[in-house]
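Numbered per this note's numbering, the sequence shown spans residues 13 to 361. As structure tokens, the structure follows; a few thoughts come after it.
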Amino acid sequence: MRIDELSLEEKICQMLVVGFRGLKIEDVPWLSNSLTKGHLGGVILFEKDYQTGEKRNISEPTQLQTLIAQLKRNSKFPLFIAIDQEGGAVARLNSSNGFEDFPSANEIANKNDISFAEETYSKLSNLLSQLGFNVNFAPVLDLCINPENTVIVQKKRCFSKEPEKVVRFSKIFIQNHLRRNVLPVAKHFPGHGSSYADTHKQWVDVTNLWTTTELKPYELLRNQDSLPAVMVGHLFNKHIDPIYPATLSHIWIEEILRKQIGFDGLVFTDDLQMKAIADNFTLEEIVQLGFNAGVDIFLFANQIEYDEQIISKFVQIVKELIYQNRISLDRINKSVERIINFKNKFMLN
Numbered sequence: 013m014r015i016d017e018l019s020l021e022e023k024i025c026q027m028l029v030v031g032f033r034g035l036k037i038e039d040v041p042w043l044s045n046s047l048t049k050g051h052l053g054g055v056i057l058f059e060k061d062y063q064t065g066e067k068r069n070i071s072e073p074t075q076l077q078t079l080i081a082q083l084k085r086n087s088k089f090p091l092f093i094a095i096d097q098e099g100g101a102v103a104r105l106n107s108s109n110g111f112e113d114f115p116s117a118n119e120i121a122n123k124n125d126i127s128f129a130e131e132t133y134s135k136l137s138n139l140l141s142q143l144g145f146n147v148n149f150a151p152v153l154d155l156c157i158n159p160e161n162t163v164i165v166q167k168k169r170c171f172s173k174e175p176e177k178v179v180r181f182s183k184i185f186i187q188n189h190l191r192r193n194v195l196p197v198a199k200h201f202p203g204h205g206s207s208y209a210d211t212h213k214q215w216v217d218v219t220n221l222w223t224t225t226e227l228k229p230y231e232l233l234r235n236q237d238s239l240p241a242v243m244v245g246h247l248f249n250k251h252i253d254p255i256y257p258a259t260l261s262h263i264w265i266e267e268i269l270r271k272q273i274g275f276d277g278l279v280f281t282d283d284l285q286m287k288a289i290a291d292n293f294t295l296e297e298i299v300q301l302g303f304n305a306g307v308d309i310f311l312f313a314n315q316i317e318y319d320e321q322i323i324s325k326f327v328q329i330v331k332e333l334i335y336q337n338r339i340s341l342d343r344i345n346k347s348v349e350r351i352i353n354f355k356n357k358f359m360l361n
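This is the structure:
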């Protein structure tokens, strides 16, 4: 895959990952059509539909393997196939749909047994790879700081409140995934473990809670060459950026993550339909701010709201912004180069 083979529209779509409803490709003509035209960078699969509570993309192993094979076969370009498979409370593959249950990050860290962690994450990454996944939105690098935090700490999604311990176990997670050509995406930069509120539901202000210690796992993993991709969370801290949450912030992404920490991998947003973002910005604002902040991949999970038009809307907005000189082609090319490098590395092996 080479950047000079792509039209402008195809480049724009490489920067997009979306969710959809359907257990087989025939259920989703709009998606199938976009894939054939090369108008999508990736998909995210879920077990349940947020709105209906019904099965969404995963019912049992054979069905899932078939769906993933169909998605790849239909796509003009190599496709990111992503999942949230942390273990514990956030595991789209589990015993209810015919898979093994994996322990949470917190259980792994509390057990404090390196060989158990190796064995667990070797098995988990191997499962994803065999099914055809090539992106896992994990591990969670958030520190278990606030015991009243319902979305991360109480769900046992974080390893520990000690950065070194977080790094010890998340590095095992990351290295096992890389060995099997599954891209691990560490989250939620710059740290969701001190917050009280949940970005799925509302604006989350961590101004008086967040500390620089929460960056430590990113710094340490970056220094150990074990940080290929990062997901940025919708966290607002007026001391750092008085206007925008991290996902849409040039200060957080370009100044802190890229320059200060020295991160040169892929930057994914958290789901942009979460209320923290969708209730406070229009789609046009989200796209323009995201581009100017330095986002590589925009994620629309199509869970909190379902929009079959999201791909065409995104393309239309980006083209308009280019025409108005509010984002540059150079900026798009930079992200697309990065995406293609990763796809070539992870998908051609």
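Here a beta-carbon is modelled for each residue, glycine too, at the ideal position from N, C-alpha and C. Only a predicted model underlies this, so the values are computations on that prediction, with no experimental measurement involved.
Hey, could you find the ends of the alpha helix (DSSP H) residue i is sitting in?
i: residue 176; result: 175 to 191
i: residue 26; result: 20 to 26
i: residue 111; result: Where residue 111 is concerned, there is no enclosing alpha helix (DSSP H), given that its DSSP letter is neither H nor E.
i: residue 198; result: Unbroken run through residue 198 is the beta strand (DSSP E), 195 to 201; no alpha helix (DSSP H).
i: residue 302; result: 295 to 305
i: residue 289; result: 287 to 290
i: residue 128; result: 126 to 143
i: residue 358; result: 341 to 359
i: residue 76; result: 73 to 86
i: residue 316; result: Careful: residue 316 lies outside any alpha helix (DSSP H) and carries neither H nor E.
i: residue 101; result: Segment: none, residue 101 is in no alpha helix (DSSP H) and carries neither H nor E.
i: residue 209; result: Residue 209 -> no alpha helix (DSSP H), and no H or E assigned at all.
Starting from the C-beta of residue i, find all residues in its chain whose C-beta is less than 6 Å away, skip the five residues before and the five after it, and write them out in chain order.
i: residue 320; result: 42
i: residue 230; result: 273
i: residue 340; result: none
i: residue 261; result: 253, 305
i: residue 359; result: 90
i: residue 163; result: 210
i: residue 256; result: none
i: residue 60; result: 68
i: residue 166; result: none
To which residues of the same chain is residue i closer than 8 Å at the C-beta, ignoring the five residues directly before and after it?
i: residue 361; result: Note on residue 361: pLDDT 42, under 50, position unreliable in the model; no value is reported.
i: residue 284; result: 259, 290, 298, 302, 310, 311, 312
i: residue 78; result: 36
Excluding the 5 residues preceding and the 5 following residue i in the sequence, name in chain order all residues of the same chain whose CB lies nearer than 7 Å to its CB.
i: residue 32; result: 40, 43, 55, 314
i: residue 134; result: 188
i: residue 286; result: 211, 212, 246, 316
i: residue 355; result: 13, 90
Going by DSSP in three states, residue i sits in which element: helix, strand or coil?
i: residue 321; result: coil
i: residue 166; result: coil
i: residue 94; result: strand
i: residue 239; result: coil
i: residue 311; result: strand
i: residue 56; result: strand
i: residue 153; result: coil
i: residue 29; result: strand
i: residue 331; result: helix
What first and last residue would you give for the beta strand (DSSP E) that runs through residue i?
i: residue 281; result: 278 to 281
i: residue 52; result: Careful: residue 52 lies outside any beta strand (DSSP E) and carries neither H nor E.
Relative to the C-alpha of residue i, which residue among the options is closest?
i: residue 53; options: 99, 83, 316, 100; result: 83
i: residue 222; options: 15, 201, 232, 235; result: 201
i: residue 128; options: 115, 139, 50, 140; result: 115
i: residue 80; options: 325, 166, 93; result: 93
i: residue 179; options: 232, 204, 136, 147; result: 232
i: residue 282; options: 70, 132, 16, 150; result: 150
Within the present structure, is the beta-carbon of residue i separated from the nearest heavy atom of the ligand HEM by less than 7 Å?
i: residue 313; result: The model on display carries no ligand, and the ligand HEM is accordingly not part of it.
Comparing the C-beta of residue i with each C-beta of chain E, is any distance below 8 Å?
i: residue 267; result: Although the question refers to chain E, the structure presented lacks it and comprises just one protein chain.
ask   = For the stretch 208 to 219 against the stretch 169 to 180, are there 3 or more C-beta pairs whose distance is under 8 Å?
value = no
request  = Please confirm if the stretch 222 to 236 is in contact with the stretch 299 to 311, defined as three or more CB-CB distances below 8 Å between the two stretches.
outcome  = no
Sufficient close CB pairs (3 or more, under 8 Å) joining the stretch 119 to 129 to the stretch 158 to 166 = no
ask   = Is there contact between the stretch 89 to 106 and the stretch 142 to 153, where contact requires at least three CB pairs shorter than 8 Å?
value = yes
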